């Protein structure tokens, strides 16, 4: 049954044709008892005339109402007894106007239905009085009885039209509610798709930043160690061997880090052996040691408990320090040194990396990704980064990363 209903809703012309057929059948069913003493042959054809506008009710609801009202008034003026086709077609027309017509036309449809019902009621009361006059004298038909007949006739003729109009309003409201629900569901689906696309873009940007940090830092270490090994290969083979060890270790760490980053692009989200955890400030000592092994003197000063820093701020701080030291390695010159300080405060983390190298002349890579990446990482946790040349020479990077303090398990 539901399938048939949905099919009819998708084919309104078929449903309108069925409504017209029902009007014809009902009118013909009631016609024999009402057409007594009628010699108008086309009175039997009147239901088919009413069926024409009814068959167009959903496409032209107001036109259907006007045509039905006009035919009904003609029938009232022509026939001795009101024709049932006018009532049945009028019910369908009033309902259709309430459902399909614009709201302002819908109220006009109600007024027209009441007018036609009133005229039809008056006509019915006149017929009733005439029929009663065949059994009673006019003196016996008091004014009170005539008024009662008029009132009953008007109610009987108008009530079905008003009820049909009210029911059409209920159906119209229900359709509007369902359409609004469908529109809202469509908007929510579009918003969900937009958020999903935005999440993909943000994830790609995060991966790009991580890849830049890993590749830039690792390649800087590898290049410096390779150059150093080449210069001391004959004079100090042991030192050259240590440089090669650093190159190998750095390459392996970079490979593992890139595997972890690229692993998030896989459809399988289960953890795997090649997905190392994200670095944090607990590994800051190891990062500084790695840079020292590359030949850059680095001092590290920590104030507070780094383990109390939330993971998001810790990762951002680690990457900022890594990028700043990488810039020093690449652009600070052979005699440069760096200082790293991290201060844990109740409301955030302050990180500072300064060097005494050549300064800001080449403090960032050619594409500007280094400093931009640091600023993006800080902004992701609500912080900020300032970077620029120092007054006494060299380059400095300062980051402030606010957070809500977390409890550390003892």
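In my numbering, the protein residues as written are 378 to 787. Built from N, CA and C at the ideal position, the CB exists for glycine as well. These numbers were taken from a predicted model, which means no experiment stands behind them.
Using a 10 Å radius around the Cβ and a threshold of 16 neighbouring Cβ atoms, would you call residue i buried or exposed?
i, result
"residue 496", "buried"
"residue 769", "exposed"
"residue 657", "buried"
"residue 634", "buried"
"residue 659", "exposed"
"residue 595", "buried"
"residue 682", "exposed"
"residue 629", "exposed"
"residue 708", "buried"
"residue 581", "exposed"
"residue 597", "buried"
"residue 483", "buried"
If you drop the 5 nearest sequence neighbours on each side, which residues of the same chain put their C-beta closer than 6 angstroms to that of residue i?
i, result
"residue 432", "393, 394 and 397"
"residue 665", "675 and 677"
"residue 489", "446"
"residue 763", "775"
"residue 729", "718 and 775"
"residue 646", "In this prediction, residue 646 scores a pLDDT of 48, lower than 50, which makes its location untrustworthy; no coordinate-derived value is stated."
"residue 573", "none"
"residue 620", "602, 605 and 606"
"residue 429", "none"
Below 8 angstroms CB to CB, which residues in the same chain sit around residue i once its five sequence neighbours on both sides are set aside?
i, result
"residue 725", "690, 760, 777, 778, 779 and 780"
"residue 648", "Below a pLDDT of 50, predicted positions are generally treated as unreliable, and residue 648, at 46, falls in that range; the measurement from the model is reported next regardless. Once the five neighbours on either side are set aside, residue 648 has no close Cβ partner at all."
"residue 688", "655 and 657"
"residue 450", "493 and 496"
What does a CB cutoff of less than 7 angstroms around residue i pick up in its chain, not counting 5 residues either side in sequence?
i, result
"residue 555", "none"
"residue 435", "389, 393, 473 and 477"
"residue 586", "750, 753 and 754"
"residue 740", "Low confidence applies to residue 740: its pLDDT is 44, below 50, so where it sits in the model is not reliable enough to give any reading."
"residue 671", "598, 601, 602, 623 and 706"
For the candidate residues the options, whose alpha-carbon lies nearest to that of residue i?
i, options, result
"residue 540", "390, 570 and 475", "475"
"residue 732", "491, 772 and 531", "772"
"residue 437", "455, 472 and 425", "472"
"residue 698", "434, 681 and 748", "748"
"residue 532", "494, 709 and 688", "494"
"residue 684", "662, 583, 442 and 668", "662"
"residue 655", "492, 583, 480 and 615", "583"
"residue 694", "734, 708, 706 and 753", "753"
"residue 593", "616, 632, 579 and 557", "632"
"residue 440", "454, 469 and 591", "469"
"residue 716", "722, 686 and 679", "679"
"residue 426", "442, 448 and 443", "448"
"residue 734", "722, 553 and 714", "714"
"residue 589", "546, 566, 612 and 701", "701"
"residue 625", "578, 667, 485 and 557", "667"
"residue 757", "721, 722 and 696", "696"
Discussion item. Contact between the stretch 464-481 and the stretch 388-406 is defined here as three or more beta-carbon pairs at a separation below 8 angstroms; is this criterion met?
Written reply: yes
Discussion item. Which complete beta strand (DSSP E) runs does the stretch 666-744 hold, if anything under 3 residues is left out?
Written reply: 675-680, 715-722 and 725-732
Worksheet item: Which runs of the alpha helix (DSSP H) fall wholly inside the stretch 471-501 and span at least 4 residues, in chain order?
Response: none
Worksheet item: Can you give, in chain order, each stretch of the beta strand (DSSP E) that sits fully within the stretch 588-627 and has at least 3 residues?
Response: Segments of the beta strand (DSSP E) lying fully in the stretch 588-627: there are none.
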